[in-house]
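For the sequence shown, the residue numbers in the numbering used here are 2 to 210. Every residue, glycine too, gets a C-beta built ideally from N, C-alpha and C. Because the structure is a prediction, the values reported are computed rather than measured. I have placed the structure first, in the form of structure tokens, so that the comments after it can refer back to it.
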Amino acid sequence: MATKVETQTEPLLGRGIYDIAEAARVVGRHPETVARWTRGANPLHPVESDRILSFLDLISLWVISELLRRGVPRRQIRAGGEYLAKHVGTDYPFAHQGLATVGDGFFGEFEAWVDVGKGGQRSFPEVIEDLLSPIEFGPDLLASIWRPANGVWLNPKVQAGAPCIDGTRVPTSVVADLKAVGDHIEDIADDLSLDITQVRAALQYELAA
């Protein structure tokens with residue numbers, strides 16, 4: 002797999018900024034698990050920085066989490082990442098457009114669907130389950146926006162990629178904090194120029210995180 006090269010002077014604006022704890026919360030895994038996936042002896046998604054993760058790192062970790070949840074063996078995840086990195090030419094193979102699963106298989110879409118976890122064996126489109134439906138992709142075919150729940154988006158160009166109410170710059174954590182100190186939903190909506198549905202979506206996301 003290609004090695005990412007980051008320096009302290011590399012611009013972070015628009016890339017999203019997350020520490021391990023925040024990434025783990027968004028992905029739905031324990032921080033120690035995320036640390037092992039990124040910096041362990043045999044990481045599934047190695048990163049260079051010892052302090053921060055980017056939006057593409059975050060998406061990669063979520064995809065890995067989903068692959069494991071769907072029963073894809075770790076050896077196939079590693080093999081698939083290496084195959085994609087080589088054939089797509091990216092340091093972020095798990096954040097690239099055109100990934101899917103079926104059963105415990107891990108697939109990538111090239112001219113046809115292939116089992117990237119098994120070295121590129123061909124498959125059939127009718128058995129493919131889309132893996133990346135909550136994600137929008139940019140012109141470079143890498144993830145640009147993630148909607149992990151209804152009414153919530155993560156956009157690396159908005160609030161450093163923090164979970165926000167979809168289409169706005171209002172972090173879901175702000176809504177949860179206001180509710181925690183006793184503000185009524187109607188007052189929160191009025192103060193933040195939101196509607197009730199948006200406030201409820203933010204609260205539901207924060208309660209599930």
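Using a Cβ distance threshold of 7 Å, Leu100 and Leu133 count as a contacting pair.
Annotation for Ile166: Gln199 and Ala203 place their beta carbon closer than 6 Å to its own, counting only its chain and skipping 5 residues before and after. DSSP assignment within the stretch 156-209 yields the following whole alpha helix (DSSP H) runs of 4 residues or more, N-terminal first: 173-181, 186-192 and 197-209. DSSP, reduced to helix, strand and coil, places Leu54 within a strand of the structure shown. As computed with DSSP, Thr91 is found in no beta bridge at all. Assigned with DSSP and collapsed to three states, Val153 falls in strand.
DSSP links His31 through a beta bridge to no other residue. Annotation: Pro135 to Ala42 spans about 31 Å, alpha carbon to alpha carbon.
In the structure shown, the three-state DSSP call for Arg148 is strand.
In the structure shown, Gln98 falls within a coil segment according to DSSP collapsed to helix, strand and coil. In this model, Val73 and Ile60 are separated by some 17 Å (Cα to Cα).
Per DSSP, the unbroken beta strand (DSSP E) holding Ile136 starts and ends at Ile136 to Phe138. Apart from the 5 residues on each side of it in sequence, Ile189 sits with its Cβ closer than 8 Å to the Cβ of Val176, Leu179, Lys180, Leu195 and Val200 in its chain, given in chain order. DSSP, read as helix, strand or coil, puts Val48 in coil. Nearest Cα to Glu207 within the set Val89, Gly106 and Pro149: Pro149. By the neighbour-count criterion, in which a residue is buried when 16 or more other Cβ atoms sit within 10 angstroms of its Cβ, Ala209 is exposed. Beta-carbon to beta-carbon, Ala96 and Leu54 are separated by about 12 Å, too far to satisfy the 8 Å threshold. About 6 Å separates the CB atoms of Val153 and Pro164; that is less than 8 Å, so the two are in contact.
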